[in-house]
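There are 2 protein chains.
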Amino acid sequence: MLKKERQAYILHQVNLHNKVLSSSLCTEINVSEDTIRRDLQELAEEGKIIKVHGGALSHSFNEVSFPVNGVYSQHQKRVIAQKAVGLIQNGMFVLTSGGTTIMELARCLPPQLRATFISGSIPVILEYMHHPHIEVILIGDKISKNSKITVGSEAIAKIKQMKPDLCFLGTNAIDAEHGVTDNDWEVVQLKKAMIESSKKVICLSIAEKINTIQPIRVCGLSDIDVLITELPPGSPSLNVFAAAGIRVL
Amino acid sequence: MLKKERQAYILHQVNLHNKVLSSSLCTEINVSEDTIRRDLQELAEEGKIIKVHGGALSHSFNEVSFPVNGVYSQHQKRVIAQKAVGLIQNGMFVLTSGGTTIMELARCLPPQLRATFISGSIPVILEYMHHPHIEVILIGDKISKNSKITVGSEAIAKIKQMKPDLCFLGTNAIDAEHGVTDNDWEVVQLKKAMIESSKKVICLSIAEKINTIQPIRVCGLSDIDVLITELPPGSPSLNVFAAAGIRVL
DNA sequence: GTAATTCCTGCAAAAAAACGCAGAAACCTG
DNA sequence: CAGGTTTCTGCGTTTTTTTGCAGGAATTAC
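Residue numbers (this note's numbering), protein chains in the order written: chain A, 59 to 307; chain B, 59 to 307.
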């Protein structure tokens, strides 16, 4: 990995997560801690980041006070994303939906990972594109402006041609009885096709959305292989899903 | 292998992968490391790549390093965009390439316009999405990270299925003798398909790029219907294009 | 207050770049 | 076509950059 590449990656991470630990960086990029420290120092001298003991902060950090709820659920989503990343292995074909949880997943991908990611969500694709080693496949079709995702028969046909190893679904509602439900008809059609095509379906859901229901049905619990939430796997509210044969992380 | 060949190959590799290692290049082309270094230096002096210790990076890597030229040519590009917008009418199907000139076009679209825009360029699509009445169709395929555009046989096949009314091409180089040329092989394939499919081809080019040549040919002058630059239509440097039967705006 | 990180300094090894040079190829030019 | 010039390429040497490591100082955590 070239020095400039490394620094660009660090800068991206800092801007993304607002903070970065030198210890975690050096395991991610697989260089010595001294190298990281020197990189941080250079970036700090250029005014791009703020160096602190143990890592670095984004410049925007001390300016703005965050919306409280935003940060809170973002933290939960990061926990989910970290768990999800563990399932991805080199060489895999990974199909993902859109949504903020998937965005977080995209941001948490380790830089040395080599895999192919497929999606029709513009924001998610943008995030994948920052990654140094990931191949990005974009599903084309008409764009739904509010969900920023491609929808339509062409997109569904393309998905049905594939057989990805993993499918990560950001879920709007999941319930023990009604399964996964959503509120956008076109997005649901797409998700159905994604589930059908994929070898393994992984649902990402923050605890807040567990046992909630939306008007349109996506799939039943039997179609889900793995459920990831920010809660520990043994939590009582998750027992019902484990009992249905879903691997709960 | 000739020097020009070698440099074209290097440039292609850089544009394809966003980075290149001099060590790997010299085993690929089978020349000494000094030769590679000299090539990289020349390309860097011409501003085509960014040379770093151990190799070189694509210029799109930094993206935010065009403050001077950026603002300057942005004004020219806006002039071009304004002229181009005049060609678009309600109900039209418009196919566009990527590039900063097309970005400017996207920003200049009048808000009451109702049309369908098709592109494989992510930044351009993002701009179209802001428009209230425009239908946006995204061409899907593998994403080329440096040009931020979808490239590949799927994308080309999709384009060939369409028959858009207009095709706006951002051009990297146009010359009276050699026609339109470019430096990214995959993007050229795409542009060729776009030209073939469209009823009317409109080239957008800032004057700076007139009578310049890039390694790979896109099309001849006879394939172009309209040429738009920031210069007034009667400018001497444009006469040769008008003489070739192109409508010059 | 103590233990554990983290940081800094100097240093050394490896890699890459710069430099000068010389042989070879290409290219004028009369 | 012959002689001269320029350009290109590879080699050896020197210089610079980068990176990791060790040991002591500074900072933080408990």
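The C-beta atom is built at its ideal place from N, Cα and C for all residues, glycine as well.
In the DSSP annotation of this structure, the continuous segment of the beta strand (DSSP E) that includes B/V110 starts and ends at 107 to 110. At a C-beta separation below 8 angstroms, A/T208 has these neighbours in chain B: L196, G198. Chain-ordered, the chain A residues with CB closer than 7 angstroms to the CB of B/K203 read M187. A direct Cα-to-Cα measurement between B/D233 and B/V143 gives close to 24 angstroms. In summary, no residue of the stretch 146 to 175 of chain A has a CB separated from any CB of chain B by less than 8 angstroms. Between B/I217 and B/S255, the alpha-carbon positions lie close to 7 angstroms from each other. Around the beta carbon of A/G105, fewer than 16 other beta carbons sit within 10 angstroms, so the residue counts as exposed.
Between A/I271 and the set A/S280, A/K249, A/N230, the nearest pair of CA atoms involves A/N230. Under the Cβ criterion of 7 angstroms, A/L224 is not counted among the residues facing chain B. The Cβ-Cβ distance between B/S116 and B/V72 falls below 7 angstroms.
Not flagged as an interface residue toward chain B: A/K106, since no C-beta distance is shorter than 7 angstroms.
Secondary structure at B/T158: helix, using DSSP grouped into helix, strand and coil.
For A/E212, the closest alpha carbon among the candidates A/L153, A/N204, A/K200, A/S205 is that of A/K200. By the Cβ test, the stretch 182 to 197 of chain B is not in contact with the stretch 153 to 173 of chain A, since fewer than three Cβ pairs between them sit closer than 8 angstroms. Pairwise C-beta distances place the stretch 171 to 184 of chain B out of contact with the stretch 87 to 95 of chain B, as fewer than three of them are shorter than 8 angstroms. Distance from the Cα of B/T239 is smallest, within the candidate group B/E288, B/S263, B/S131, for B/S263. For the pair B/V78 and B/G113, the CB atoms are nearer than the 7 angstroms cut-off. Not one beta carbon of chain B lies nearer than 7 angstroms to the beta carbon of A/L74.
Fully contained in the stretch 170 to 255 of chain B are the following alpha helix (DSSP H) runs of length 4 or more, in chain order: 180 to 187, 211 to 219, 243 to 255. Among the residues facing chain B, A/L60 is included, as its CB has a counterpart in that chain under 7 angstroms away. The Cβ of B/V110 sits closer than 7 angstroms to at least one Cβ of chain A.
For the 7 angstroms CB-CB criterion, A/I195 and A/T208 do not form a contact. Taking all protein chains shown into account, B/M59 has fewer than 16 neighbouring C-beta atoms within 10 Å of its C-beta and is therefore exposed. No Cβ of chain A is located within less than 7 angstroms of the beta carbon of B/L248. Nearest to B/R64 by C-alpha distance, out of B/N76, B/N269, B/I94, B/S81, is B/I94. As computed with DSSP, B/I286 is found in a beta bridge with B/L262. A/E235 counts as exposed, since fewer than 16 other beta carbons sit within 10 angstroms of its beta carbon. Around the beta carbon of B/D242, 16 or more other beta carbons sit within 10 angstroms, so the residue counts as buried. By a beta-carbon distance limit of 8 angstroms, A/G228 contacts A/T159. Their separation comes to about 4 angstroms. Judged by beta-carbon spacing, A/L279 lies beyond the 7 angstroms limit of A/K141, meaning their Cβ atoms are not closer than that value.
Apart from the 5 residues on each side of it in sequence, A/I146 sits with its Cβ closer than 7 angstroms to the Cβ of V152, L171, A173, L224 in its chain, given in chain order. Secondary structure at B/A302: coil, using DSSP grouped into helix, strand and coil.
Across the set A/V259, A/I282, A/S293, A/V246, the C-alpha of A/I282 shows the shortest separation from the C-alpha of A/G303. Selection B/D97, B/G237, B/G292, B/V276 evaluated against B/K249 yields B/V276 as nearest (Cα-Cα). Residue environment for A/G157: buried (at least 16 other C-beta atoms within 10 angstroms of its C-beta).
With respect to chain A, the C-beta atom of B/L115 has a partner C-beta closer than 7 angstroms.
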